[in-house]
């Protein structure tokens with residue numbers, strides 16, 4: 002039975018939304034706080050802090066051995082990585098455990114923001130966007146599989162009745178997962194995210210649950226929180242939620258599509274009803290599109306950052322008949338075969354990213370690429386132009402890292418908070434590439450099943 006999330010949730014009073022972390026903890030009846038940050042690979046790391054220690058958490062943060070956490074640019078000899086909580090991200094999650102809350106943190110080392118921290122990188126990217134007069138808003142589509150392993154360790158669909166050749170949107174498959182889907186939906190809505198749809202996606206065992214767009218940092222925080230909620234709530238029902246890009250060789254993979262828009266004090270900078278190209282977009286929007294297309298190959302190294310990612314983008318067919326993953330850097334109107342889809346004049350949808358992407362880095366990379374096009378007044382050409390070899394995206398992770406290394410705009414996006422991050426990232430990803438096999442292997446399953 003689904004949890005009555007609305008009853009379990011103690012909302013943050015409107016009058017305290019700008020309150021201190023201590024005040025928020027006290028006003029919501031929180032007893033424990035997950036002080037959370039993510040690594041460059043997207044792994045969520047946290048310490049469980051009792052409410053009695055919230056003032057210490059708020060003033061001093063909480064320390065971690067950065068090297069032990071994973072990809073954080075540290076060695077065993079380095080000083081503590083100290084996670085400083087951002088009270089504006091405080092999220093009560095009593096539907097996971099009574100009295101539990103989560104707060105996203107900005108890692109610091111020796112009192113300074115740590116440049117290898119993805120949240121710091123996105124913060125700095127948004128600061129630079131603001132210098133150009135823009136706020137960036139982002140919506141994210143989170144696709145995932147619900148899976149188990151059989152007695153032989155083989156990955157299988159958690160719902161054994163989910164076997165149709167074209168299961169997408171099937172009402173019966175959705176209904177069998179009703180308890181899981183409605184618990185997640187109720188949680189999102191209790192948190193004020195505005196969940197507006199929950200559906201079965203193209204592959205057997207694959208789902209998507211959507212929520213409203215917001216400021217880029219808020220949306221990235223929510224992606225991390227949503228992945229955490231999806232994972233722990235699935236585990237309560239004896240399943241695993243995986244965001245692995247391509248867990249099954251014959252099925253569609255899981256994307257993380259980003260809907261991007263620029264805003265000024267006057268409102269959205271994208272719509273223009275007089276657009277001669279017919280998509281209802283402004284010159285600013287076309288510059289943003291052109292920038293992403295110009296840097297697409299390097300951007301793939303950030304938004305499709307695993308070996309398994311290229312099993313998804315390299316696929317030519319699936320059991321349902323379509324891959325839904327672009328292989329060329331093209332753009333067009335309401336056409337899901339393009340790298341950049343323009344569903345209307347308010348936004349562009351970047352479809353190259355997948356479920357292994359770190360949402361902070363993915364947003365930072367896409368924003369940096371798009372703003373480069375805006376500042377240079379680039380033109381992406383005619384919408385819907387055909388695919389050409391020059392537009393082809395990287396075929397493997399190591400090719401993507403080569404493109405990333407050669408692109409100063411995208412390496413600059415990773416290095417925006419301090420030097421060295423981009424080379425550290427690409428070197429670690431090359432190491433990952435040379436550990437792989439040519440099929441979806443046991444190694445990949447073990448590495449990626451619950452990694453993100």
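Numbering (our numbering), first residue to last: 2 to 453.
From the three backbone atoms N, C-alpha and C, an ideal C-beta is built for every residue, glycine too.
Quick caveat: nothing in here was measured; it's all calculated off a predicted structure.
Whole-number beta carbon distance between residue j and residue i, since they are thought to touch under 8 Å
| i | j | result |
| --- | --- | --- |
| residue 125 | residue 418 | 5 Å |
| residue 206 | residue 300 | In fact, because the Cβ distance is near 29 Å, the residues do not count as touching under 8 Å. |
| residue 233 | residue 360 | 18 Å between Cβ atoms; not a contact. |
| residue 292 | residue 371 | 5 Å |
| residue 227 | residue 235 | Their Cβ separation, rounded to whole angstroms, is 12 Å, which puts residue 227 and residue 235 out of contact at 8 Å. |
| residue 134 | residue 265 | 6 Å |
| residue 422 | residue 74 | 7 Å |
| residue 282 | residue 346 | 6 Å |
| residue 222 | residue 90 | 5 Å |
| residue 35 | residue 103 | 4 Å |
Selection from the options that minimises the alpha carbon distance to residue i
| i | options | result |
| --- | --- | --- |
| residue 323 | 81, 60, 254 | 254 |
| residue 131 | 36, 263, 146, 242 | 263 |
| residue 261 | 231, 341, 116, 414 | 341 |
| residue 238 | 295, 195, 192, 159 | 159 |
| residue 315 | 303, 321, 329, 243 | 329 |
| residue 136 | 433, 101, 270 | 270 |
| residue 433 | 198, 306, 325, 327 | 306 |
| residue 429 | 402, 451, 453, 416 | 402 |
| residue 279 | 343, 245, 230 | 343 |
| residue 332 | 303, 325, 381 | 381 |
| residue 309 | 448, 416, 288 | 448 |
| residue 297 | 59, 335, 252, 408 | 408 |
| residue 427 | 122, 284, 399, 76 | 399 |
| residue 105 | 116, 325, 62, 127 | 62 |
| residue 168 | 196, 357, 252 | 252 |
| residue 48 | 38, 56, 42 | 38 |
| residue 43 | 313, 327, 183, 245 | 245 |
| residue 384 | 216, 40, 218, 349 | 349 |
| residue 57 | 379, 26, 413, 355 | 26 |
| residue 181 | 60, 96, 334, 414 | 96 |
Rounded separation between residue i and residue j - CA only
| i | j | result |
| --- | --- | --- |
| residue 113 | residue 98 | 33 Å |
| residue 257 | residue 64 | 31 Å |
| residue 54 | residue 33 | 9 Å |
| residue 80 | residue 72 | 15 Å |
| residue 144 | residue 177 | 18 Å |
| residue 46 | residue 386 | 43 Å |
| residue 268 | residue 366 | 23 Å |
| residue 68 | residue 165 | 45 Å |
| residue 375 | residue 156 | 45 Å |
| residue 84 | residue 111 | 11 Å |
| residue 392 | residue 50 | 49 Å |
| residue 411 | residue 369 | 7 Å |
| residue 249 | residue 318 | 12 Å |
| residue 108 | residue 209 | 30 Å |
| residue 16 | residue 24 | Here the model assigns residue 16 a pLDDT of 48, short of 50, so the residue's position is not dependable, and the following value carries that caveat. Approximately 11 Å between the Cα atoms of the pair. |
| residue 230 | residue 22 | 21 Å |
| residue 295 | residue 425 | 24 Å |
| residue 142 | residue 213 | 10 Å |
| residue 190 | residue 78 | 44 Å |
| residue 338 | residue 66 | 44 Å |
| residue 326 | residue 70 | 31 Å |
| residue 185 | residue 129 | 35 Å |
| residue 285 | residue 379 | 9 Å |
| residue 188 | residue 377 | 43 Å |
Exposed unless 16 or more other CB atoms sit within 10 angstroms - verdict on residue i
| i | result |
| --- | --- |
| residue 202 | buried |
| residue 396 | exposed |
| residue 86 | buried |
| residue 7 | Residue placement at residue 7 is flagged as unreliable, the pLDDT there being 43, under the threshold of 50; the coordinate-derived value follows with that caveat. Counting Cβ neighbours within 10 Å, residue 7 comes out exposed, since fewer than 16 surround it. |
| residue 170 | exposed |
| residue 19 | exposed |
| residue 259 | buried |
| residue 274 | exposed |
| residue 154 | exposed |
| residue 247 | buried |
| residue 173 | exposed |
| residue 311 | buried |
| residue 436 | exposed |
| residue 444 | exposed |
| residue 196 | buried |
| residue 152 | exposed |
CB contact check: residue i to chain D, cutoff 8 Å
| i | result |
| --- | --- |
| residue 351 | Absent here is chain D; the protein component of the structure consists of one chain. |
inquiry  = What ranges does the beta strand (DSSP E) occupy inside the segment 166–246, keeping only unbroken runs of at least 3 residues that lie completely in it?
reply    = The segment 166–246 contains these whole beta strand (DSSP E) runs: 198–201, 207–211, 241–243.
request  = Quick one: which unbroken alpha helix (DSSP H) runs of 4-plus residues sit fully inside the segment 9–90? Chain order, please.
outcome  = DSSP assignment within the segment 9–90 yields the following whole alpha helix (DSSP H) runs of 4 residues or more, N-terminal first: 22–28, 55–61, 67–70.
message = Could you tell me which whole beta strand (DSSP E) segments of length 3 or greater appear in the segment 342–406?
response = When DSSP assignments are scanned along the segment 342–406, the uninterrupted stretches of beta strand (DSSP E) that are 3 or more residues long and fall wholly within it turn out to be 348–351.
ask   = Fully enclosed by the segment 415–450, which alpha helix (DSSP H) runs are 4 residues long or longer?
value = Those alpha helix (DSSP H) runs which fall completely within the segment 415–450 and span 4+ residues are 422–434, 443–449.
inquiry  = List, from N- to C-terminal side, the beta strand (DSSP E) runs of 3 residues or more that fit wholly inside the segment 85–172.
reply    = Restricting attention to beta strand (DSSP E) runs no shorter than 3 residues, the segment 85–172 encloses them at 101–110, 136–150, 156–158, ordered along the chain.
key: Length at least 3, wholly inside the segment 279–340: the beta strand (DSSP E) runs in chain order   = For the segment 279–340, not a single whole beta strand (DSSP E) run of length 3 or above is found.
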